[in-house]
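Accompanying notes for the structure given below.
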Amino acid sequence: MGERHLGRTKRIVELLWILMVVLTLGGCMGATESPEDAMLYPDEVKDNDDYIVVGFSQVGAESDWRAGNTESFRSVFTEENGYFLLYEDAQQKQENQLKAIRNFILQEVDYIILDPIVETGWDAVLQEAKDAQIPVILVDRSVEVEDEGLYTCWVGSDFEKEGRSAGEWLIDYLEEQGRSEETIQIVTLQGTPDSTAQIGRTAGFASVLKEQENWKMLESLSGDFTQAKGQEVMEYFLETYEKIDVLVSENDNMTFGAIDAIHEAGKTCGPDGEIIVISFDCVKAALEAMMHGEINADFECNPILGPRVAQIIKLLEKGEPVEKVQYVEERYFDASMDLENMIKTRVY
Ligand code: GYE
1 MGERHLGRTK
11 RIVELLWILM
21 VVLTLGGCMG
31 ATESPEDAML
41 YPDEVKDNDD
51 YIVVGFSQVG
61 AESDWRAGNT
71 ESFRSVFTEE
81 NGYFLLYEDA
91 QQKQENQLKA
101 IRNFILQEVD
111 YIILDPIVET
121 GWDAVLQEAK
131 DAQIPVILVD
141 RSVEVEDEGL
151 YTCWVGSDFE
161 KEGRSAGEWL
171 IDYLEEQGRS
181 EETIQIVTLQ
191 GTPDSTAQIG
201 RTAGFASVLK
211 EQENWKMLES
221 LSGDFTQAKG
231 QEVMEYFLET
241 YEKIDVLVSE
251 NDNMTFGAID
261 AIHEAGKTCG
271 PDGEIIVISF
281 DCVKAALEAM
291 MHGEINADFE
301 CNPILGPRVA
311 QIIKLLEKGE
321 PVEKVQYVEE
331 RYFDASMDLE
341 NMIKTRVY
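When we follow the working numbering, the leftmost residue of the sequence shown carries the number 1, and every step to the right adds one.
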């Protein structure tokens, strides 16, 4: 091998070393989850016992429901009310939530509020919060952990009941329409897989479906709770299945996307259309769509959880016990109701 060749090989080896060092350092920096690039709370708050510091790890900003939910926390956990809120939007990624929680622990917050995107994968980080003696309050979605003592309590909706109510509503509606004996072909737009809302709504509807011999579930696919994916998946359903009688869409934003797809395919939906549309959440825009005849029934999911969590924190501050599982109240709406008046007072 010539000298020039040897020199080049040496340079390549040197470069590879430098690259390895850079990559290793970069990797380490990412893994230390330094609080520098995350939200910090100021020293005057840290040294001031008048404030209760709350770290809130939110799922994302994927839907109108989520926007209402975030606003509910932001409006309650204010400095005026004696709180300092560290808010972290995880952009629908569990890894971001794990990072946020570890940052809250590093900063020694007083309470952690977690809306877990999926149910699994929380044992280690919740153990870390417990070891640091920081109570964790779960909101909206829940977790599946070995030891339920890893969190203080959970506040949210009975998703399974929502799904069951949707199925029961469909039985009654088909009966009213004189279609009880007909073969009914159904497609489902599911929410984020493994999220409590998806698991519960799917299971609740399935429990009714399995008793109905003439109902046929053609396919269930995830639209990740977003409008764009809802539209995309509905386009696929419409291309694949010639006759769809019912769309069950596990949130309103996917429903909005699906309605666009239905119109683009030259089809109709709602009480006077070809496809019966059942949705969940009951956000204002969905009630409006119902008024315009696009949605048949919508099963409410209440996003206003902030005040309830503030009450829980007040009890915990006084050293009082709190209930482990706390459901919020909700109802359903359908196109036969006086929606115009209801919309006026709706805050989400
Ligand atoms: O239905 C959906 C949101 O977890 C209940 O998440 C929540 C769901 C809600 O993206 O719109």
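Heads up, the beta-carbon is just placed ideally off N, CA and C, and yes, glycines get one too.
Separation of residue j from residue i, as counted between CA atoms
i, j, result
"W169", "K216", "17 Å"
"A289", "L85", "35 Å"
"M337", "I276", "17 Å"
"I312", "V322", "7 Å"
"I199", "L221", "13 Å"
"Y241", "D334", "26 Å"
"Q97", "V283", "26 Å"
"M291", "G156", "27 Å"
"Q185", "N253", "22 Å"
"F237", "L126", "40 Å"
"F56", "Y83", "12 Å"
"E44", "Y51", "10 Å"
"Q363", "G178", "Within the shown structure, residues of the chain are numbered from 1 to 348, placing residue 363 beyond reach of any answer."
Assigned exposure category for residue i - 16 Cβ within 10 Å defines buried
i, result
"R331", "exposed"
"V325", "exposed"
"T345", "exposed"
"P307", "exposed"
"P42", "exposed"
"A197", "buried"
"K318", "exposed"
"V109", "buried"
Cβ-Cβ separation, residue j to residue i (assumed contact under 8 Å), whole Å
i, j, result
"N302", "E340", "Not a contact, Cβ separation roughly 21 Å."
"G68", "D89", "Actually they do not touch by this definition, with Cβ atoms about 15 Å apart."
"D194", "E119", "6 Å"
"F280", "F256", "Incorrect: roughly 13 Å between the Cβ atoms, too far for contact."
"G167", "G191", "About 17 Å; that fails the 8 Å criterion."
"V54", "L305", "At roughly 13 Å, the Cβ-Cβ gap does not stay under 8 Å, so V54 and L305 are not in contact."
Beta-bridge pairing of residue i - partner residues as DSSP gives them
i, result
"E300", "D281"
"D350", "This structure does not reach residue 350, given that the chain is present from 1 up to 348, and the question cannot be answered."
"I105", "None; I105 has no bridge partner."
"W154", "L138, V325"
"I275", "C269"
"L123", "The residue asked about is misnamed: residue 123 is Asp in this sequence, not Leu. In the DSSP output, where bridge partners are listed per residue, D123 has none listed."
"V145", "Looking at the DSSP assignment, V145 forms no beta bridge with any residue, so it has no partner."
"Y87", "F56"
"L189", "L221, S249"
Uninterrupted alpha helix (DSSP H) stretches inside the region 200 to 261 (no shorter than 4 residues): 227 to 240
4-residue-minimum alpha helix (DSSP H) runs that sit fully inside the region 40 to 74, ordered along the chain: 43 to 46
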